[in-house]
Amino acid sequence: MPGTELFGAEERKEVNDVMETGIFFRYNHDAQRKGIWKAKEFEEEVKKVTGAQYAHAVSSGSTAVATALAAAGIGTGDEVIVPPFTYVASVEAVLFVGAKPVFAEIDESLCLSAEGIKKVLTPKTKGICLVHMCGGMANMDEIMPIVQEHNLVLVEDAGQAFGASFKGIKVGLFGKTGCYSFDFFKIATAGEGGVLVMNDEATYKLADSYSDHGHDHIGNNRGMEEHPIVGFNYRISEIHAAIGKVQTARVPEIVQRNNKNKKLLVELLSKTEGISFATLADPEGDSATFLNMFLPDTTTAKAVVDEFNKAGITGFNYWFTNMYHFINQWHHVKGLKTASALPVEVLGAPQDYNNLDLPKSQEVIGRLISFGIRCTWTEEEIQALAKNISACVEKVLVPVN
Ligand SMILES: Cc1ncc(COP(=O)(O)O)c(C=O)c1O
Numbered sequence: 001m002p003g004t005e006l007f008g009a010e011e012r013k014e015v016n017d018v019m020e021t022g023i024f025f026r027y028n029h030d031a032q033r034k035g036i037w038k039a040k041e042f043e044e045e046v047k048k049v050t051g052a053q054y055a056h057a058v059s060s061g062s063t064a065v066a067t068a069l070a071a072a073g074i075g076t077g078d079e080v081i082v083p084p085f086t087y088v089a090s091v092e093a094v095l096f097v098g099a100k101p102v103f104a105e106i107d108e109s110l111c112l113s114a115e116g117i118k119k120v121l122t123p124k125t126k127g128i129c130l131v132h133m134c135g136g137m138a139n140m141d142e143i144m145p146i147v148q149e150h151n152l153v154l155v156e157d158a159g160q161a162f163g164a165s166f167k168g169i170k171v172g173l174f175g176k177t178g179c180y181s182f183d184f185f186k187i188a189t190a191g192e193g194g195v196l197v198m199n200d201e202a203t204y205k206l207a208d209s210y211s212d213h214g215h216d217h218i219g220n221n222r223g224m225e226e227h228p229i230v231g232f233n234y235r236i237s238e239i240h241a242a243i244g245k246v247q248t249a250r251v252p253e254i255v256q257r258n259n260k261n262k263k264l265l266v267e268l269l270s271k272t273e274g275i276s277f278a279t280l281a282d283p284e285g286d287s288a289t290f291l292n293m294f295l296p297d298t299t300t301a302k303a304v305v306d307e308f309n310k311a312g313i314t315g316f317n318y319w320f321t322n323m324y325h326f327i328n329q330w331h332h333v334k335g336l337k338t339a340s341a342l343p344v345e346v347l348g349a350p351q352d353y354n355n356l357d358l359p360k361s362q363e364v365i366g367r368l369i370s371f372g373i374r375c376t377w378t379e380e381e382i383q384a385l386a387k388n389i390s391a392c393v394e395k396v397l398v399p400v401n
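Read in the working numbering, the sequence shown has 3 at position 3, and its numbers run on one by one without any break.
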């Protein structure tokens, strides 16, 4: 959790600025707020780090994805290609804007593959919710031609990849809209928060209104504002934005430190037979929040996880069995269970969600174990971790009789 690793006086000062004005609301109250606009400053910082022309902060990464989809023009009945490996929020967001998720295969990049997308494309496909997983990036050289050829709406969920890029362009900026999460577990945290980025003003304005009950935010009298559209409350508070602003400014340094630590860990683990790593379409663009290692197969990976637990090794994720990140555990999603009916249930699902055929994704996630990289690790700590990981893998792959 690099964001929370570097938490300090600057965050406290920014929060204190807000406490002193007592204005926690991001809009209006111009006179009382004494020039303190933390949400705006957070957005400016995200623009600086990403190079986006527009940025809009909201209450979470989840509401950022929902807003990103809606502002990109995705709505009721639209078919949207999604990965089976993501935080479940990406799929929930598609369902909550009324659209129909269509699951496609990922590959060793841990993201949707061009091949997987092509397999499920139909004339009904409206868009893709492309998720850049585990600090890395999808192969944009292969995916963008499909987007262009089929005139698809691309929305990027870079919830786990703030600071990552592909060939010099930050992930999140390839699509109509892109978004990042600033929850407690991310490279930069606001406590809770999310930011959408885009390069056109009309989409930005739509996102700004949609995430605040449709308010047009013109003038300084909230009660008299027009509402060009129906929206909802996805607003971020000034307190959260104050923290997000400082944390965002730390990201370039965190990415650099993460990469240095990951490089050493990879170098050490490469010596152990049976360990390989997830592919990076652009190794230079890695945000390096995770070391994503593959074992030869699912059975071996599960046995290695058991060894890690026995050895007291922590800080890793085995996504194949965790409850949030892989489709195998999303019984509620597959069953379309919610408090009331989801539009997809009424309109008809494009796939039989309980009988999806995604062998490549099963195989890839089955043998994947990810370690969170800490930017504050010392070289000794990395050496010790690598030694412990290797010992566990060797125990499984070369059992002692
Ligand atoms: C890829 C991805 N998208 C969206 C989200 C949702 O973000 P939040 O927790 O800020 O709502 C997450 C959170 O883990 C995520 O990993």
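C-beta atoms are modelled at their ideal positions from N, C-alpha and C, and glycine is treated no differently.
Boundaries (first-last residue) of the alpha helix (DSSP H) holding residue 203: The count along the sequence shown starts at 1 and reaches residue 203 at position 203. First-last of the alpha helix (DSSP H) with residue 203: 201-210.
- prompt: How would you call residue 331, buried or exposed, if buried means at least 16 neighbouring beta carbons within 10 angstroms?
  reply: For the purposes of this step, residue 331 is identified with residue 331 of the sequence shown, where counting begins at 1. Classification for residue 331: exposed.
- request: Enumerate in chain order the residues of its own chain whose CB-to-CB distance from residue 237 is below 6 Å, with the five nearest sequence positions on each side excluded.
  value: Along the sequence shown, read from residue 1 onward, the residue named residue 237 stands at position 237. Hits under 6 Å: 24.
message: Measuring only the C-alpha atoms, how far is residue 282 from residue 129?
response: Locating residue 282 in the sequence shown gives position 282, counting from the first residue. Locating residue 129 in the sequence shown gives position 129, counting from the first residue. Using only the alpha carbons, I get a separation of about 20 Å.
query: So residue 150 is in the beta strand (DSSP E); what residue range does that whole segment cover?
result: For the purposes of this step, residue 150 is taken as the residue at position 150 of the sequence shown. Premise fails: residue 150 is in no beta strand (DSSP E) and is neither H nor E.
Limits of the alpha helix (DSSP H) - the one that residue 19 falls within: The residue labelled residue 19 in the question sits at position 19 within the sequence shown. Unbroken alpha helix (DSSP H) run through residue 19: 9-21.
field: Coarse secondary structure for residue 179, derived from DSSP in three states
entry: Position 179 of the sequence shown, counted from the start, is the residue given in the question as residue 179. Of the three classes helix, strand and coil, the one that applies to residue 179 here is strand, per DSSP.
- request: Can you have a look at residue 32 and say buried or exposed, based on whether 16 or more other CB atoms are within 10 angstroms of its CB?
  value: What you label residue 32 is simply residue 32 of the sequence shown in a count that begins at 1. Answer is exposed; the Cβ neighbour count stays below 16.
message: Looking at residue 203: is its Cβ nearer than 8 Å to the Cβ of residue 72?
response: Counted from its first residue, the sequence shown places residue 203 at position 203. Counted from its first residue, the sequence shown places residue 72 at position 72. Yes, the Cβ-Cβ distance between residue 203 and residue 72 is below 8 Å.
task: Indicate the three-state DSSP secondary structure (helix, strand or coil) for residue 328 in the structure shown.
output: Sequence index remark: in the sequence shown, residue 328 carries index 328 (1-based). Residue state, collapsed to three classes: helix.
message: As an exercise, report each continuous alpha helix (DSSP H) stretch of at least 4 residues that is fully enclosed by the segment 233-279, in chain order.
response: 238-269
message: By the three-class DSSP mapping on this structure, what secondary structure does residue 302 have?
response: For the purposes of this step, residue 302 is identified with residue 302 of the sequence shown, where counting begins at 1. Three-state DSSP puts residue 302 in a helix.
- request: Measure the alpha-carbon distance for residue 245 versus residue 67 and round it to whole angstroms.
  value: The sequence position of residue 245 within the sequence shown is 245, counting from 1. The sequence position of residue 67 within the sequence shown is 67, counting from 1. Between residue 245 and residue 67, the C-alpha separation is close to 20 Å.
query: Helix, strand or coil: which one does DSSP assign to residue 167?
result: Position 167 of the sequence shown holds residue 167. Residue state, collapsed to three classes: coil.
query: Could you give the distance in angstroms between the alpha-carbon of residue 207 and the alpha-carbon of residue 118?
result: Stepping through the sequence shown from its first residue, residue 207 is reached at position 207. Stepping through the sequence shown from its first residue, residue 118 is reached at position 118. Taking the straight line from one Cα to the other gives about 29 Å.
- request: May I have a chain-ordered list of the beta strand (DSSP E) segments no shorter than 3 residues that lie completely inside the segment 62-94?
  value: 79-82
- prompt: Can you tell me whether residue 89 is buried or exposed, with buried defined as 16 or more other CB within 10 angstroms of its CB?
  reply: As a position in the sequence shown, residue 89 is number 89, starting the count at 1. Under this definition residue 89 is a buried residue.
DSSP beta-bridge partners of residue 157: As a working mapping, residue 157 is identified with position 157 in the sequence shown. BP columns for residue 157 point to 131 and 179.
message: Just to confirm before moving on: does the CB-CB distance between residue 279 and residue 20 stay below 8 Å?
response: Indexing the sequence shown from 1 puts residue 279 at position 279. Indexing the sequence shown from 1 puts residue 20 at position 20. No.
query: From 200, 198, 181 and 199, pick the residue whose C-alpha is nearest to that of residue 413; which is it?
result: Look at the range of the chain in this structure, 1 to 401, and you will see that residue 413 is not part of it.
Straight-line Cα distance separating residue 299 from residue 4: For the purposes of this step, residue 4 is taken as the residue at position 4 of the sequence shown. For the purposes of this step, residue 299 is taken as the residue at position 299 of the sequence shown. Roughly 34 Å separates the two Cα atoms.
- request: Please confirm if the segment 255-262 is in contact with the segment 285-302, defined as three or more CB-CB distances below 8 Å between the two stretches.
  value: yes
query: Looking at C-beta atoms only, is the number of pairs between the segment 124-142 and the segment 74-82 that lie closer than 8 Å three or more?
result: yes
- prompt: Candidates 353, 308 and 328: which alpha carbon is nearest residue 369's?
  reply: Taking the sequence shown and counting its residues from 1, one reaches residue 369 at position 369. Nearest C-alpha to residue 369: 308.
message: Given this structure, state the Cα-to-Cα distance separating residue 99 from residue 388, to the nearest angstrom.
response: Here residue 99 corresponds to residue number 99 of the sequence shown, with the count starting at 1. Here residue 388 corresponds to residue number 388 of the sequence shown, with the count starting at 1. If you take the alpha carbons of residue 99 and residue 388, they lie about 45 Å apart.
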